[in-house]
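Chemist: Heads up, the sequence shown is in this note's numbering, so the first residue is 61 and it goes up one at a time.
The structure's right below; bear with me while I get my questions together.
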Amino acid sequence: ADRRLTLALDDTAAAWLADKGYDPVYGARPLKRVIQKDLVDPIARKLLAGEIEDGSVIAVSARAEELQIGKVQVH
Numbered sequence: 061a062d063r064r065l066t067l068a069l070d071d072t073a074a075a076w077l078a079d080k081g082y083d084p085v086y087g088a089r090p091l092k093r094v095i096q097k098d099l100v101d102p103i104a105r106k107l108l109a110g111e112i113e114d115g116s117v118i119a120v121s122a123r124a125e126e127l128q129i130g131k132v133q134v135h
């Protein structure tokens, strides 16, 4: 379904993903797994729980050891 969602990552979230998704041996290959586990899966759970509505802007920032995912607004 077309949910018209917009993802807004701030600089802390981008830096967190880059740090967690990079490995000196494998390069950026682990990034896909980090994005799935720490970003896509939590957003999917929030969608299923009805916490994020169609047309929402999803704000993502990083605090300590995890990403913070919140809804900013609905278009």
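Think of the CB as a built atom: it goes at the ideal place given N, C-alpha and C, for glycine as much as any other residue.
1. Count the other C-beta atoms from every protein chain shown that fall within 10 angstroms of the C-beta of D98, then say buried if there are 16 or more, exposed otherwise.
2. Per DSSP, which residues does R123 bridge with? Please list them.
3. Measuring straight from C-alpha to C-alpha, what distance separates G81 and A74?
4. Report the three-state DSSP secondary structure of V100 (helix, strand or coil).
5. List the DSSP bridge partners of G115.
Modeler: Well, looking at it:
1. For this step, residue 98 is matched to residue 38 along the sequence shown. Its Cβ being crowded by 16 or more others within 10 Å, D98 is buried.
2. Position 63 of the sequence shown, counted from the start, is the residue given in the question as residue 123. Bridge partners of R123: E126.
3. Residue 81 sits at position 21 when you count from the first residue of the sequence shown. Residue 74 sits at position 14 when you count from the first residue of the sequence shown. About 10 Å.
4. Against the sequence shown, residue 100 aligns to sequence position 40. Reduced to three states, the DSSP call for V100 is helix.
5. For the purposes of this step, residue 115 is taken as residue 55 along the sequence shown, with counting starting at 1. BP columns for G115 are empty, so no partner.
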